[in-house]
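J.: Just dropping this structure here.
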Ligand SMILES: Nc1ncnc2c1ncn2[C@@H]1O[C@H](COP(=O)(O)OP(=O)(O)O)[C@@H](O)[C@H]1O
Ligand SMILES: [Mg+2]
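In the numbering used here, the protein residues as written are 11 to 250.
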């Protein structure tokens with residue numbers, strides 16, 4: 011199977027802190043890869059580096075066979091890589107339709123049609139003319155995913171998509187992510203809600219203090235002692 015993304019020996023320091031400590035992994039086309047780890051483990055930093063919002067100190071990012079290290083986010087979007095943010099970013103004073111139109115305006119005359127199609131995919135077709143400020147938290151999260159989908163990504167990076175969703179919204183988001191998978195959109199998902207993630211992920215990476223400490227199936231992850239220790243904080247908090 012073709013590798014869509016290859017990350018090699020990424021290192022990122024913030025002053026004396028190593029936020030990304032020699033991380034390497036790859037993702038195959040159509041795969042759903044989960045990334046977990048305690049707060050501060052470096053998950054979001056890793057996304058920011060891959061998607062061009064931060065430059066790594068060293069290491070390489072290969073996207074569809076091309077070295078894209080240091081490339082700007084908008085360039086990566088045009089190559090087919092898009093991310094969402096942990097804190098939702100939408101145009102609050104614009105409608106759902108307008109929010110979904112913006113990404114395709116530059117390259118499609120049919121941007122309104124595209125927006126309508128995406129609204130359907132994210133189950134917001136009833137709210138096309140609703141201003142984003144009037145949406146619930148769950149609907150805003152769906153909209154942020156829709157904006158990412160409107161760029162027609164081949165690889166989508168989702169940062170905690172399930173955070174703050176109620177059980178009904180979880181089921182809906184499951185459907186949306188499943189549909190993306192059917193469309194062969196490769197997914198990398200950072201998530202704290204492990205049950206929700208493990209339902210979707212083919213494979214899971216575990217980060218702790220910037221390091222990749224485990225890689226395996228969801229079943230393997232829950233059995234691994236290093237992972238359990240990372241979550242219980244029995245390492246790194248020792249007073250010895
Ligand atoms: N822009 C930044 N400047 C300085 N330190 C940062 C910056 N972004 C993240 N960090 C630090 O890097 C570490 C990893 O953060 P982050 O990637 O947000 O972790 P996670 O998403 O796993 O919770 C944390 O210690 C955080 O405080
Ligand atoms: Mg984070």
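The beta-carbon is built from N, C-alpha and C at its ideal position, and this holds for glycine as well.
Could you tell me the distance, in whole angstroms, from the CA atom of residue 56 to the CA atom of residue 108?
T.: If I take the Cα positions, the gap works out to 30 Å.
J.: Taking 8 Å as the cut-off, does the segment 96-112 touch the segment 131-149 (at least 3 CB pairs, one atom from each stretch)?
T.: Output reads yes: the segment 96-112 touches the segment 131-149.
J.: Does the segment 218-225 come into contact with the segment 14-32, if we say contact requires no fewer than three beta-carbon pairs (one atom in each stretch) closer than 8 Å?
T.: In short, these stretches touch, since the Cβ pair count reaches three.
J.: Give me every residue whose Cβ sits closer than 6 Å to any heavy atom of ligand 1, in chain order.
T.: Per the Cβ criterion, the list is 24, 27, 29, 47, 49, 50, 51, 52, 53, 54, 55.
J.: Kindly list the residues whose CB is nearer than 7 Å to the CB of residue 113, restricted to its own chain and excluding five residues on each side of it in sequence; keep chain order.
T.: Correct list, in chain order: 157, 160, 161.
J.: Compute the Euclidean distance between the alpha carbons of residue 80 and residue 66, then round it to the nearest angstrom.
T.: Roughly 7 Å between the two C-alpha positions.
J.: Could you give the C-beta distance for residue 234 and residue 210, rounded to a whole number, given that I count them as a contact under 8 Å?
T.: Residue 234 to residue 210, Cβ: 19 Å. No contact.
J.: Let me know the secondary structure DSSP gives residue 246 once reduced to three states.
T.: The pLDDT assigned to residue 246 is 46, lower than 50, so where the model puts this residue is not dependable; a value taken from the coordinates is nonetheless given after this. In the structure shown, residue 246 sits in coil (DSSP, three-state: anything other than H, G, I, E or B).
J.: If distances are taken between C-alpha atoms only, which option among 103, 72, 181, 104 comes closest to residue 89?
T.: It is 72.
J.: Return the CA-CA distance between residue 12 and residue 120, expressed in angstroms with no decimal places.
T.: The straight-line gap from Cα to Cα measures roughly 31 Å.
J.: May I have the straight-line CA-CA distance separating residue 92 from residue 83, to the nearest angstrom?
T.: Residue 92 and residue 83: Cα-Cα distance of roughly 8 Å.
J.: Quick check for students: name the residue ranges of the alpha helix (DSSP H) that lie wholly in the segment 69-112, counting only runs of 4 or more.
T.: Listed in chain order, they are 83-89.
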